[in-house]
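Visitor: Next up is a structure, given as structure tokens.
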């Protein structure tokens, strides 16, 4: 019984650590690829190097910090082909592809970086051209890694490719830095433990008390 009691206490200690440790999901900075569907953005299921859009399509790119496709931020400009390609007339033997390029917000930028303003462009390319080829026509320079992952559009960002977004070092006193960083928001009330931590500790103490009571009554 003593061994069982000690094992239970060990489990309680592990529960305490698990409750107290903050959950922090990993986010990554990268260019996500989007297609227009019914006037809305939908996450593309293939890459721009293999997508061969039809004439009149609208594709978008958004640089942001996200965990996966379900968490990715959409381009902030609506997919409107008529508006984007209004100044680019149709031509025989070519197709037009409207592109929305959203460089993201300050909180998406690598530390010290400033995202350019979002922009749109209309590429007139060969009928069999891919989205990547259309993008290269209107938004050079592009940068890819060794695995053909799109790392930069119009040279942004200047380095890195799909890097994990880590909290930046705090600015030195008096620098007045306003660079946004990716952090886990804490509840109001300072740096003290959260309500969840107290609840977890209470549960652990309850389990420990039950174990002591059972141990005493078993030996009677």
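Numbering (the working numbering), first residue to last: 3 to 222. We treat Cβ as the ideally placed atom computed from N, Cα and C, and that holds for glycine.
Would residue 113 count as contacting chain D if we go by Cβ distances under 8 Å?
Guide: Protein chains in the displayed structure number just one, and chain D is not present.
Visitor: Which residue or residues does DSSP assign as beta-bridge partners of residue 104?
Guide: The count along the chain shown starts at 1 and reaches residue 104 at position 102. BP columns for residue 104 point to 64.
Visitor: When the Cα of residue 98 is compared with those of 107, 55 and 147, which residue comes out closest?
Guide: By one-based count along the chain shown, residue 98 stands at place 96. Residue 98 has its Cα closest to that of 55, out of 107, 55 and 147.
Visitor: Look up residue 38 in the DSSP assignment and give the residues it is bridged to.
Guide: The count along the chain shown starts at 1 and reaches residue 38 at position 36. Its beta-bridge partners are 43.
Visitor: Work out the CA separation of residue 49 and residue 155 for me, nearest whole Å.
Guide: One-based indexing of the chain shown puts residue 155 at position 153. One-based indexing of the chain shown puts residue 49 at position 47. If I take the Cα positions, the gap works out to 15 Å.
Visitor: To the nearest angstrom, how far is the alpha carbon of residue 90 from that of residue 110?
Guide: Taking the first residue of the chain shown as 1, we reach residue 90 at position 88. Taking the first residue of the chain shown as 1, we reach residue 110 at position 108. Each residue's alpha carbon lies about 32 Å from the other.
Visitor: Report buried or exposed for residue 129, applying the criterion of at least 16 other Cβ atoms within 10 angstroms of its Cβ.
Guide: In the chain shown, counting from the first residue as 1, residue 129 sits at position 127. It counts as exposed.
Visitor: Tell me whether the beta-carbon of residue 59 lies closer than 8 Å to the beta-carbon of residue 38.
Guide: What you label residue 59 is simply residue 57 of the chain shown in a count that begins at 1. What you label residue 38 is simply residue 36 of the chain shown in a count that begins at 1. In contact: residue 59 and residue 38 (Cβ atoms closer than 8 Å).
Visitor: On a CA-only basis, which of 67, 142, 102 and 36 is nearest residue 79? Give me that one, please.
Guide: By 1-based counting over the chain shown, the position of residue 79 is 77. Ranking the options by Cα distance to residue 79, first place goes to 102.
Visitor: Can you list, in chain order, the residues of its chain with a C-beta nearer than 8 Å to that of residue 150? Leave out the 5 residues immediately preceding and following it.
Guide: Here residue 150 is taken as the residue at index 148 of the chain shown, counted from 1. Within the same chain, residue 150 has close Cβ partners 49 and 51.
Visitor: Ignore the nearest five residues each way along the sequence and tell me which others in residue 167's own chain have a CB closer than 6 Å to its CB.
Guide: Taking the chain shown and counting its residues from 1, the one referred to as residue 167 is at position 165. Closer than 6 Å at Cβ, skipping near neighbours: 29, 31, 67 and 184.
Visitor: Have a look at residue 57 and residue 121 and give me their C-alpha separation to the nearest angstrom.
Guide: Within the chain shown, numbered from 1, the residue matching residue 57 stands at position 55. Within the chain shown, numbered from 1, the residue matching residue 121 stands at position 119. If I take the Cα positions, the gap works out to 20 Å.
Visitor: Quick check on this structure: which residue in 138, 165 and 107 has the alpha carbon closest to the alpha carbon of residue 157?
Guide: The count along the chain shown starts at 1 and reaches residue 157 at position 155. For residue 157, the nearest C-alpha among the options comes from 138.
Visitor: At the level of alpha carbons, what is the spacing between residue 53 and residue 100?
Guide: Taking the first residue of the chain shown as 1, we reach residue 53 at position 51. Taking the first residue of the chain shown as 1, we reach residue 100 at position 98. Cα to Cα, the separation comes out at about 14 Å.
Visitor: Taking DSSP as the reference, what is the three-state secondary structure of residue 137?
Guide: Here the question's residue 137 lines up with position 135 in the chain shown. Helix.
Visitor: Hey, how far is the Cα of residue 95 from the Cα of residue 136?
Guide: Along the chain shown, read from residue 1 onward, the residue named residue 95 stands at position 93. Along the chain shown, read from residue 1 onward, the residue named residue 136 stands at position 134. So the two alpha carbons sit approximately 15 Å from each other.
Visitor: Figure out for me which residue from 64, 83, 147 and 69 has the closest Cα to the Cα of residue 77.
Guide: Your numbering for residue 77 matches position 75 in the chain shown. Here the closest residue by C-alpha is 64.
Visitor: Quick one: grab the DSSP three-state call for residue 85.
Guide: Position 83 of the chain shown, counted from the start, is the residue given in the question as residue 85. Correct three-state label for residue 85: helix.
Visitor: Please say whether residue 119 and residue 140 have beta carbons closer to each other than 8 Å?
Guide: As a working mapping, residue 140 is identified with position 138 in the chain shown. As a working mapping, residue 119 is identified with position 117 in the chain shown. No, the Cβ-Cβ distance between residue 140 and residue 119 is not below 8 Å.
Visitor: Classify residue 104 as buried or exposed, calling it buried when 16 or more other Cβ atoms lie within 10 Å of its own Cβ.
Guide: For this step, residue 104 is matched to residue 102 along the chain shown. It counts as buried.
Visitor: With a threshold of 16 other CB atoms inside 10 Å of the CB of residue 44, please say whether the residue is buried or exposed.
Guide: Residue 44 sits at position 42 when you count from the first residue of the chain shown. By the neighbour-count rule (16 or more Cβ atoms within 10 Å), residue 44 is not buried but exposed.
Visitor: Under the assumption that residue 41 contacts residue 81 (Cβ atoms under 8 Å), give the Cβ distance between them as a whole number of angstroms.
Guide: One-based indexing of the chain shown puts residue 41 at position 39. One-based indexing of the chain shown puts residue 81 at position 79. Correct: roughly 7 Å between the Cβ atoms.
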